[in-house]
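Below: the structure, in C-alpha cells.
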Amino acid sequence: MAQHTTVTIPERTWVQLTNASVSSITFQNVSRDTKIYVTGTADTTPPTLGGNPFIIYAESQGELNTTLTDLFPGISATRVWAYNPAEGEGDARVFVSHA
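Written as C-alpha cells, this is what we have:
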C-alpha cells in the first residue's frame with residue numbers, strides 16, 4: 000500500500016517505515032539533533048540491535064527513491080525499519096514515501 004507520511008520513532012525502539020513490501024523508498028530524518036539507524040528485513044519480523052547491521056542517518060539525511068537492493072545488497076529486503084538510539088532526547092521523526 001502506498002504511503003506518504005511522517006512516522007514517529009520512540010526512543011530505543013525499532014519502527015517499520017514501510018507498511019507493505021516495497022522495492023524502493025524515499026525517506027528523510029526530520030528530527031532535530033537526533034540520528035536514526037535504518038535497516039532492511041525480508042519480512043515483518045522486527046530487527047534487533049546488535050543482530051542486524053544498520054546505516055546511520057543524521058538530521059536531514061535520507062534517501063531519494065532508492066531501491067532496497069541498492070541499500071541492502073546482501074539480503075532480499077522488502078521492509079525498512081528505523082531505530083531511535085537517543086535516550087532522553089525524545090521521539091525521532093522520519094518522513095517516508097513509497098509506492
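If you read the sequence shown in numbering that gives the first Met the number 0, its first letter stands for residue 0, the second for the next number, and so on.
Virtual Cβ for every residue (Gly too), placed ideally from N, Cα, C.
- Residue pairing by DSSP places A81 opposite V14, V37 in a beta bridge.
- Counting along the chain, the unbroken alpha helix (DSSP H) around L70 starts and ends at 67–70.
- If you draw a straight line from the Cα of T44 to the Cα of D69, it is about 21 Å long.
- In summary, E86 is exposed, with fewer than 16 beta-carbon neighbours lying within 10 Å of its beta-carbon over all protein chains present.
- Taking 7 Å as the cut-off, the Cβ atoms of T77 and S23 do not count as close.
- Excluding sequence positions up to five before and after T40, its CB lies within less than 7 Å of the CB of P46, A76, R78, W80, all in the same chain and listed in chain order.
- Boundaries of the beta strand (DSSP E) around T5: 2–8.
- Out of G73, Y82, Q2, the CA that lies nearest to the CA of I55 is found in Y82.
- In the structure shown, the three-state DSSP call for Q60 is coil.
- The C-beta distance from V29 to F71 rounds to 22 Å, too long to meet the 8 Å contact threshold.
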